[in-house]
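Peer 1: Protein sequence lines correspond, in order, to chains Z and U.
Numbering of the first sequence is given in the working numbering, commencing with residue 149 and proceeding in unit increments.
Numbering of the second sequence is given in the working numbering, commencing with residue 17 and proceeding in unit increments.
Here a beta-carbon is modelled for each residue, glycine too, at the ideal position from N, C-alpha and C.
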Amino acid sequence: MPTRIFAAILFVVAAVSARAGEVDPADWHKVVEKARGQTVYFNAWGGSENINAYIEWAAGELERRHGVRLVHVKLDDTAKAVATVVAEKAAGRDTGGAVDLVWINGENFAAMKRRGLLFAPGWAQALPNWRHVDHENKPTILTDFTIPVDGLASPWGMAKLVFFYDSARVEKNALPDSAEALLRWAEAHPGRFSYPRPPDFIGSSFLKQVLTEKVEDASVLLKPVVEEDFQAVTAPLFAYLDALHPVAWRSGRIFPRNYPAMKQLLADGELDIIFAFNPAEASSAIANGELPDTVRSFTFPAGTLANTHFVAIPYNASAKAGALVTANFLLSPEAQARKQDPAVWGDPTVLAMDKLGPQDRARFAALELGPATLAPEELGPALPEPHPSWMERIEEEWKRRYTAEN
Amino acid sequence: MLTRLGPLLTVVLLTGPVAFGLAGTVLPAFGFLPALGGTTLTLDHLRALLAQPAIWTSAAISLATGLASTLLSIAIVMLFVAGWAGTRLFARLQHLVSPLLSLPHAAAAFALAFLIAPSGMLARLASPWLTGWQRPPDLLIVHDPMGLSMMAGLVAKEVPFLLLMVLAALPQVPLAQTRMLAASMGYGRVAGFLGGLWPAVYRQIRLPVFAVIAFATSVVDVAVILGPTRPAPLAVRLVEWMNDPNLAMRHLASAGALLQLAVTALALALWVGLERAGRALCILAVEGGLRMRRDAAVRGMALGAMVLSAGAVFAGLATLALWSFAGLWQFPDALPATFTLKSWIRVLPRIADPLLTTLAAGFLSTLIAGLLSVLCLMREEETGRRPGPALMLLYLPLLVPQVAFVFGLQLFLIYTGTLATMPALVLSHLVFVMPYAYLALKDPWHAFDRRFDRLAAGFGKQRWQRLFLVRLPMMTRAILTMGAIGFAVSVGLYLPTVLVGAGRLTTITSEAVALASGGDRRVVGVYAFWQMLLPMLGFAVATLVPALIFRRFRDMQV
């Protein structure tokens with residue numbers, strides 16, 4: 149009997165403390181109040197210096213304005229943050245988790261949503277700064293890789309696959325205008341093209357771009373993988389890679405680690421065509437002295453992959469209020485304008501210009517696109533991202549085929 | 017009482033993590049991992065391991081690169097010492113090479129990569145006037161599938177280590193007399209040394225050589241920076257599996273760690289075989305009357321290899337430093353078009369946390385290691401016995417591949433909720449710092465003139481007073497040197513930091529290797545510069561402080 153009473157007390161205490169840990173984004177005043185003094189562990193890919201510096205700036209502002217301490221946990225693969233939360237859930241650690249905020253989209257978002265590892269649906273729309281978000285014209289803000297976002301993640305930036313070349317070395321007229329043309333270009337210029345080794349996010353995205361262009365019926369990619377059809381659907385992709393590798397950089401015997409590594413290789417003159425998910429990547433690199441000012445960008449007229457990247461809060465985060473304040477700050481016109489500045493990062497905003505006040509609009513208008521950035525209307529059509537299961541299966545298959553050289 | 021505890025505490029603190037770690041690695045390999053629902057023993061994971069693509073290639077790369085780099089390093093050191101020990105040139109080179117000992121492996125690997133890559137410093141210096149290259153050649157040099165550049169990186173670091181080990185052993189053999197005797201009998205310098213002195217020297221450095229083999233067959237950081245990628249060496253793939261988001265991969269990683277243990281054990285066994293063969297060859301040569309009177313070529317080659325291996329690292333470090341101040345720097349320019357402090361300014365605020373962690377972990381682990389070493393040595397003196405077999409366990413962390421037990425240690429830390437805490441990080445560093453601290457302090461401790469101790473006792477000083485007022489102050493130099501060595505070891509540790517720090521506690525080294533993938537040479541340059549700087553600061557303290565303290569004590573000066 150005493151143990152039963154004890155258990156009941158424990159239960160009540162646990163319930164109360166769990167309640168006390170919860171926050172309601174609708175009551176924003178309380179959120180801000182609660183966030184003061186909290187430490188937010190922001191799990192975000194840390195492979196790019198300009199992005200790290202931007203997060204550094206955001207941390208300084210959050211500390212100054214809201215008393216929130218933002219710590220950037222630098223990941224080399226976002227899947228690790230997902231793994232941490234999965235492990236915590238398996239161990240029954242439903243509060244006090246190690247991850248407070250995670251930079252996410254695609255298969256990682258899908259995995260966390262599927263396993264119920266994300267904080268309350270709708271919190272993103274409850275953020276005060278959501279009112280500036282351009283969800284009407286940017287469909288990927290509401291649907292990420294075919295998965296409805298349901299307000300489980302707050303948009304942070306827009307991404308579009310864009311290619312870069314050094315106009316001092318490469319003839320503009322000879323630039324490829326499709327994946328097929330890219331292969332022919334590579335055959336004519338052996339050793340001057342490569343892609344980051346999957347499962348690097350950008351490397352896998354390149355595979356998806358090729359698959360989307362080469363597949364017979366692109367609509368199958370919007371649905372989950374059907375295992376029986378996988379080989380047939382992806383056969384053109386792997387035929388393409390088999391043809392590309394012998395004429396790729398280092399004859400396809402090794403691959404760059406990620407897109408910043410490709411940027412360095414472009415600067416060194418080892419690669420002639422590289423690509424990134426950020427249209428302003430090259431302008432930003434030119435501003436930082438990493439690339440010569442002769443670098444320019446191009447896309448495929450028939451379209452390249454486009455998506456949105458988000459921040460999300462795990463269900464067991466320790467500092468939910470602080471994470472909410474951080475997400476809201478990252479959405480503010482000021483933070484978004486700074487992010488879009490090529491001298492800082494150059495990542496396109498998720499906000500709608502016509503929803504901003506004149507002063508904030510002026511912030512964006514004042515930004516120079518930079519010499520190597522295409523104007524929004526030059527970026528070409530946006531291809532939809534395939535269902536996340538394709539990325540997982542393609543990465544697996546790539547690993548199976550190309551882990552060893554022979 | 018306290019001294020009695022010393023050896024015990026040391027053994028527990030060192031073998032505890034290793035034993036727990038090994039258990040935490042071996043059990044999951046056979047399917048036992050209750051947290052993931054594994055409660056039955058199975059061989060499935062071992063089977064899954066052997067079904068991994070090119071797993072035997074990975075194992076073979078680890079075995080071959082480990083053995084070959086050790087063999088090459090020891091050959092260079094052996095012939096260099098044989099050909100040159102006792103000369104003025106030898107003394108000069110010795111001073112040139114010894115700072116490299118404190119350089120973290122990762123920094124040396126970066127230095128080499130910046131030098132030999134197709135767009136590296138060497139190619140820039142030779143282009144376009146010599147090579148005609150306007151653009152870097154499409155050559156697979158760094159990350160070559162044979163692991164040649166990885167072996168070069170390992171050799172560059174192992175040569176200074178082994179050389180210093182040999183130097184420590186040399187005073188215990190009659191170098192000058194044997195040299196004269198051998199010369200009078202008509203032997204060349206090299207043959208005379210190899211026949212007359214090397215066996216006695218080698219016996220003393222055998223353990224460090226084994227440690228080098230264990231390290232080289234399971235290295236992760238150097239392999240990530242320079243090693244093959246398709247497939248990667250075994251240890252690198254293990255760490256990838258260990259970090260896989262799919263937790264079930266831990267079983268596979270553990271099974272792989274077993275394979276790694278086997279590979280390292282095999283390498284050690286093969287080495288013992290090589291030792292036998294070497295011995296037989298020596299005997300054959302001696303009995304055959306091989307005198308090698310004209311050994312100038314061999315001596316020249318040994319000197320060349322020595323200078324090359326040290327010079328390459330120094331040149332690489334200079335290149336790193338240059339990159340950290342570079343603006344745009346295109347191929348084939350030998351110098352950057354612009355210089356800027358931008359990289360330093362950008363990185364400095366971000367480096368504060370890892371720097372603090374590096375300093376704290378290094379300082380605390382070295383302090384504890386120093387205390388334990390002193391206790392162990394005092395106990396040895398009390399009992400008048402050399403360390404028992406239990407204390408031989410001290411060397412265990414150096415002979416067991418790091419991946420094999422740090423995996424399991426990590427699991428143990430997760431269970432106890434101490435992962436990514438400072439005490440856990442310090443403990444994991446202590447495991448590797450302790451052996452070096454003990455080794456560094458052992459000889460100076462035994463060399464201390466105990467009559468000082470008796471004198472102080474005669475003045476009625478108690479035991480602890482004698483220790484703190486007489487012995488430790490007189491041994492300031494040895495103790496600070498031990499501290500510098502321990503600190504340098506801690507700064508250079510990569511794998512324990514990555515696995516125990518779990519991304520939340522990072523050091524300069526773990527950050528530098530993580531950034532290696534980002535490819536921005538400027539930032540890597542800044543981090544590598546710090547990697548180089550920190551251990552050097554330690555040694556600067558160890559040199560300057562005693563000089564300052566003892567400036568008015570003539571007999572205490574060197």
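So which residues on chain U does Z:Ile402 lean against when the C-beta distance must stay under 7 Å?
Peer 2: Position 254 of the first sequence, counted from the start, is the residue given in the question as residue 402 of chain Z. Chain U residues near Z:Ile402: Leu156, His159, Thr245, Arg246.
Peer 1: Consider the Cβ of Z:Ala168: report whether some Cβ of chain U lies at a distance smaller than 7 Å.
Peer 2: On the first sequence, residue 168 of chain Z is found 20 positions in, with the first residue counted as 1. In this predicted model, Z:Ala168 has a pLDDT of only 44, less than 50, meaning its place in the structure is not dependable; the value taken from the coordinates is given anyway. By this cut-off, Z:Ala168 is not an interface position.
Peer 1: Report the CB separation of Z:Lys222 from U:Gly519 in whole angstroms; it is logged as a contact under 8 Å.
Peer 2: Numbered from its first residue, the first sequence carries residue 222 of chain Z at position 74. Numbered from its first residue, the second sequence carries residue 519 of chain U at position 503. Sure, about 7 Å apart at Cβ, within 8 Å.
Peer 1: Got a sec, what are the start and stop residues for the alpha helix (DSSP H) U:Arg253 sits in?
Peer 2: On the second sequence, position 237 is the one that residue 253 of chain U refers to. Where U:Arg253 is concerned, the enclosing alpha helix (DSSP H) stretches over 250-258.
Peer 1: Using CA atoms only, rank isn't needed, just tell me which of U:Leu213, U:Arg219, U:His267, U:Ala122 is closest to U:Gly54.
Peer 2: As a first step, residue 54 of chain U must be located in the second sequence, where it is residue number 38. The shortest Cα separation from U:Gly54 among U:Leu213, U:Arg219, U:His267, U:Ala122 belongs to U:His267.
Peer 1: Checking contacts by CB at 7 Å: is U:Ala129 closer than that to chain Z?
Peer 2: Locating residue 129 of chain U in the second sequence gives position 113, counting from the first residue. So, not an interface residue.
Peer 1: Could you give the distance in angstroms between the alpha-carbon of Z:Lys182 and the alpha-carbon of Z:Arg217?
Peer 2: Sequence index remark: in the first sequence, residue 182 of chain Z carries index 34 (1-based). Sequence index remark: in the first sequence, residue 217 of chain Z carries index 69 (1-based). For Z:Lys182 and Z:Arg217, the distance between alpha carbons rounds to 13 Å.
Peer 1: Would you tell me roughly how many angstroms separate the C-alpha atoms of U:Leu274 and U:Thr19, rounded to the nearest one?
Peer 2: If you number the second sequence from 1, residue 274 of chain U lands on position 258. If you number the second sequence from 1, residue 19 of chain U lands on position 3. In this structure, the straight-line span from the alpha carbon of U:Leu274 to that of U:Thr19 is close to 37 Å.
Peer 1: With a threshold of 7 Å between beta-carbons, can U:Val97 be considered close to chain Z, or not?
Peer 2: Numbered from 1 along the second sequence, position 81 holds the residue referred to as residue 97 of chain U. Not closer than 7 Å to any Cβ of chain Z, the Cβ of U:Val97 fails to qualify, so no.
Peer 1: Cα separation between Z:Ser315 and Z:Ala433?
Peer 2: Indexing the first sequence from 1 puts residue 315 of chain Z at position 167. Indexing the first sequence from 1 puts residue 433 of chain Z at position 285. Taking the Cα positions, Z:Ser315 is about 15 Å away from Z:Ala433.
Peer 1: Let me confirm a value: Z:Glu525 is counted as buried when at least 16 other C-beta atoms fall within 10 Å, else exposed. Which label applies?
Peer 2: In the first sequence, the residue the question calls residue 525 of chain Z occupies position 377. Classification of Z:Glu525: exposed, given that the 10 Å Cβ count is below 16.
Peer 1: So, does the CB of Z:Asp559 fall closer than 7 Å to a CB anywhere in chain U?
Peer 2: Lying before the first or after the last residue shown, residue 559 of chain Z is absent from chain Z, which here runs from 149 to 554.
Peer 1: For Z:Thr551, write down the residues that DSSP places opposite it in a beta bridge.
Peer 2: Residue 551 of chain Z sits at position 403 when you count from the first residue of the first sequence. According to DSSP, which records beta bridges pairwise, Z:Thr551 is partnered with nothing at all.
Peer 1: May I have the straight-line CA-CA distance separating U:Gln150 from U:Ser143, to the nearest angstrom?
Peer 2: In the second sequence, the residue the question calls residue 150 of chain U occupies position 134. In the second sequence, the residue the question calls residue 143 of chain U occupies position 127. Each residue's Cα considered, the two are about 7 Å apart.
Peer 1: Whose Cβ in chain Z lies nearer than 7 Å to the Cβ of U:Pro152?
Peer 2: On the second sequence, position 136 is the one that residue 152 of chain U refers to. Neighbours of U:Pro152 on chain Z, chain order: Asp416, Gly417, Glu418.
Peer 1: Rounded to whole angstroms, what is the Cα-Cα separation between U:Gln426 and U:Val516?
Peer 2: Counting from one through the second sequence, the residue named residue 426 of chain U turns up at place 410. Counting from one through the second sequence, the residue named residue 516 of chain U turns up at place 500. U:Val516 has its alpha-carbon roughly 6 Å from the corresponding atom of U:Gln426.
Peer 1: Starting from the C-beta of U:Ala377, find all residues in its chain whose C-beta is less than 7 Å away, skip the five residues before and the five after it, and write them out in chain order.
Peer 2: As a position in the second sequence, residue 377 of chain U is number 361, starting the count at 1. Cβ within range, chain order: Leu441, Val442, His445, Ser506, Thr523.
Peer 1: On a CA-only basis, which of U:Leu415, U:Ala504, U:Pro370, U:Gly327 is nearest U:Val514? Give me that one, please.
Peer 2: What you label residue 514 of chain U is simply residue 498 of the second sequence in a count that begins at 1. When only C-alpha atoms are compared, the closest one is U:Pro370.
Peer 1: In angstroms, rounded to a whole number, what distance separates the CA positions of U:Pro189 and U:Val97?
Peer 2: Residue 189 of chain U sits at position 173 when you count from the first residue of the second sequence. Residue 97 of chain U sits at position 81 when you count from the first residue of the second sequence. Looking at the sequence shown, residue 189 of chain U is not Pro but Val. Near 13 Å, if we compare the C-alpha coordinates of U:Val97 and U:Val189.
Peer 1: Any idea what DSSP makes of U:His445, helix, strand or coil?
Peer 2: Walking along the second sequence from the start, residue 445 of chain U turns up at place 429. Reduced to three states, the DSSP call for U:His445 is helix.
Peer 1: Reducing DSSP to helix, strand and coil, say where U:Ser135 ends up.
Peer 2: As a first step, residue 135 of chain U is located in the second sequence; it is residue number 119 there, counting from the start. The answer is coil: DSSP assigns U:Ser135 none of H, G, I, E or B.
Peer 1: Of all the CB atoms in chain Z, is at least one closer than 7 Å to the CB of U:Arg362?
Peer 2: Indexing the second sequence from 1 puts residue 362 of chain U at position 346. U:Arg362 belongs to the set of residues whose beta carbon lies under 7 Å from a beta carbon in chain Z.
Peer 1: Could you spell out the range, first to last residue, of the beta strand (DSSP E) harbouring Z:Thr456?
Peer 2: Locating residue 456 of chain Z in the first sequence gives position 308, where the first residue counts as 1. Taken as a continuous stretch (DSSP letters only), the beta strand (DSSP E) holding Z:Thr456 covers 452-460.
Peer 1: Look up Z:Gly518 in the DSSP assignment and give the residues it is bridged to.
Peer 2: Taking the first residue of the first sequence as position 1, residue 518 of chain Z is located at position 370. According to DSSP, Z:Gly518 bridges with nothing at all.
Peer 1: Within the present structure, is the beta-carbon of Z:His177 separated from the nearest heavy atom of the ligand MN by less than 6 Å?
Peer 2: Absence of the ligand MN is noted for the structure shown, with no ligands found whatsoever.
Peer 1: I need the straight-line Cα distance from U:Phe341 to U:Met137, nearest angstrom please.
Peer 2: As a working note, residue 341 of chain U is residue 325 in the second sequence. As a working note, residue 137 of chain U is residue 121 in the second sequence. In a straight line, the C-alpha of U:Phe341 is about 15 Å away from that of U:Met137.
Peer 1: Drop a sphere of 10 angstroms on the beta-carbon of Z:Ile153, count the other beta-carbons inside from all chains shown, and report buried for 16 or more, exposed for fewer.
Peer 2: Translated into positions along the first sequence, residue 153 of chain Z becomes position 5. Summary for Z:Ile153: the model assigns pLDDT 48, below 50, so the residue's position carries little reliability; its value from the coordinates is reported in the next sentence. Exposed, by the Cβ-count rule.
Peer 1: Of the residues that make up the stretch 454-487 of chain Z, which ones have a beta carbon closer than 9 Å to any beta carbon in chain U?
Peer 2: none
Peer 1: Between U:Ser575 and U:Val419, is the Cβ-Cβ spacing less than 7 Å?
Peer 2: The structure shown does not extend to residue 575 of chain U, since chain U is modelled only from 17 through 574, so no value can be given for it.
Peer 1: Looking only at its own chain, which residues have a Cβ that is under 8 Å from the Cβ of U:Met167, when we skip the five neighbours before and after it?
Peer 2: In the second sequence, the residue the question calls residue 167 of chain U occupies position 151. Only Thr81, Ala84, Ser85, Leu88 meet the Cβ criterion.
Peer 1: Helix, strand or coil for U:Ala328, going by three-state DSSP, please let me know.
Peer 2: Your numbering for residue 328 of chain U matches position 312 in the second sequence. Helix.
Peer 1: How would you write the range of the alpha helix (DSSP H) that Z:Ala305 sits in, first residue to last?
Peer 2: Residue 305 of chain Z sits at position 157 when you count from the first residue of the first sequence. According to the sequence displayed, residue 305 of chain Z carries Gly and not Ala. Counting along the chain, Z:Gly305 falls outside any alpha helix (DSSP H), though it belongs to the beta strand (DSSP E) covering 301-308.
Peer 1: Which residue from U:Leu197, U:Ala283, U:Phe423, U:Met498 puts its Cα closest to that of U:Leu388?
Peer 2: Locating residue 388 of chain U in the second sequence gives position 372, counting from the first residue. Closest option to U:Leu388, Cα to Cα, is U:Met498.
Peer 1: Since Z:Arg398 and U:Leu128 are thought to touch, with beta carbons under 8 Å apart, how far apart are those beta carbons, to the nearest angstrom?
Peer 2: Within the first sequence, the letter at position 250 stands for residue 398 of chain Z. Within the second sequence, the letter at position 112 stands for residue 128 of chain U. With a Cβ gap of about 18 Å, Z:Arg398 and U:Leu128 do not count as contacting.
Peer 1: Can you tell me where the alpha helix (DSSP H) holding U:Thr559 begins and where it ends?
Peer 2: Working through the second sequence from its first residue, we reach residue 559 of chain U at position 543. It spans 537-565 - the alpha helix (DSSP H) in which U:Thr559 sits, taken as one unbroken run.
Peer 1: Give the interface partners of Z:Gly244 over in chain U, defined as CB-CB distance under 8 Å, in chain order.
Peer 2: The sequence position of residue 244 of chain Z within the first sequence is 96, counting from 1. Within chain U, no residue comes near Z:Gly244; the closest Cβ sits about 10 Å away, beyond 8 Å.
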